[in-house]
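Input: a single structure, listed below in structure tokens.
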Amino acid sequence: MSRHDDNRLREQIVTYGQSLFDRGLTMGSSGNISVRLDDGGWLMTPTNACLGRLDPARISRLDRDGGLIDGDKPTKESFLHMAMYAERPQSQAIVHLHSTHSVAVSCLPDIDTHDCIPPLTAYYVMRVGRLPLVPYHVPGDTALGDAVKGLAGRHSTVLLANHGPVVAGKSLEAAVYATEELEETAKLFLLLRGQNPRCLTPEQVAELEAKFPRD
Ligand SMILES: [Zn+2]
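If you want it as structure tokens, here you go:
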């Protein structure tokens, strides 16, 4: 990892963090972003940092074992990121938000916990696919990491009950786009509840999955 690449990734994290914050997808100091580095380590947003006002120089840089090399202490939810990366060598970035509509879906009593949102649109199928619900855990409970790990091999995105989504992508851009697609589809799902919407058929979903395989 050259210094140039490292700086470029830091700037990307700052830019996407501010964009997500400015559009109300994350609030206060909630939400966190990480990117995998070529040396096996990570860049991660710091604990108690607001994604709308990140300082590139203070972003946490971690070694391949998750130890802090420099920058501020990483987010207390770093174990969520580590759990996803451990099962997804193909993923280069992770976004975790407490985005309102996705959290709303995660609180509903009667959703399918193996697939929380039906296939309403093609882009949702292409960017998110099947979305499992991870049972509720108190913040900081590392058992949540184990629960995420159990699903991460098969799913690039999981929804933490009464908490929010964790979204992996082959680049930071891809992870951000998938997070946005999930949030907008969660909004659609809530708008359409009780209206028996016409979803994509299993054949239409299979066609998309064959044509546009997700990483
Ligand atoms: Zn969280």
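According to full-length UniProt numbering, the sequence shown holds residues 1 to 215 in order. The C-beta atom is built at its ideal place from N, Cα and C for all residues, glycine as well.
Between residue i and residue j, is the Cβ-Cβ spacing less than 8 Å?
i: R61; j: G41; result: yes
i: L68; j: P165; result: no
i: C116; j: V105; result: yes
i: A83; j: A152; result: yes
i: S34; j: I94; result: yes
i: C199; j: P135; result: no
i: L182; j: Q12; result: no
i: L51; j: R10; result: no
i: L120; j: F212; result: no
i: A86; j: K149; result: yes
i: G71; j: R58; result: yes
i: F79; j: T15; result: no
i: S29; j: N48; result: yes
i: A122; j: L208; result: yes
Can you have a look at residue i and say buried or exposed, based on whether 16 or more other CB atoms are within 10 angstroms of its CB?
i: V138; result: exposed
i: L108; result: exposed
i: P89; result: exposed
i: E77; result: buried
i: G194; result: exposed
i: H114; result: exposed
i: R23; result: exposed
i: P132; result: buried
i: R130; result: buried
i: E180; result: buried
i: A210; result: exposed
i: T201; result: exposed
i: Q204; result: exposed
Assuming residue i contacts residue j under a Cβ cut-off of 8 Å, what Cβ separation, rounded to an integer in Å, is found between them?
i: T157; j: V128; result: 5 Å
i: K73; j: P46; result: 6 Å
i: H163; j: V103; result: 7 Å
i: D215; j: K170; result: 5 Å
Grab the span of the alpha helix (DSSP H) containing residue i for me, first residue to last.
i: D70; result: Taken as a continuous stretch (DSSP letters only), D70 belongs to no alpha helix (DSSP H), being part of the beta strand (DSSP E) at 68–70.
i: S78; result: 78–87
i: R150; result: Before going further, note that residue 150 is Gly rather than Arg in the sequence given. That run of the alpha helix (DSSP H) goes 143–152.
i: R127; result: 122–127
i: A178; result: 172–192
i: A206; result: 202–211
Taking the beta strand (DSSP E) that residue i falls in, what are its first and last residues?
i: R61; result: 60–62
i: T157; result: 157–160
i: A57; result: Per DSSP, A57 belongs to no beta strand (DSSP E) and is neither H nor E.
i: L43; result: 42–44
i: H96; result: 93–96
i: S102; result: Careful: S102 lies outside any beta strand (DSSP E), inside the alpha helix (DSSP H) at 100–106.
i: G169; result: 164–169
Mind listing which residues have their beta carbon within less than 6 Å of any non-hydrogen atom of ligand 1? Chain order is fine.
E77, H96, H98, H163, G164
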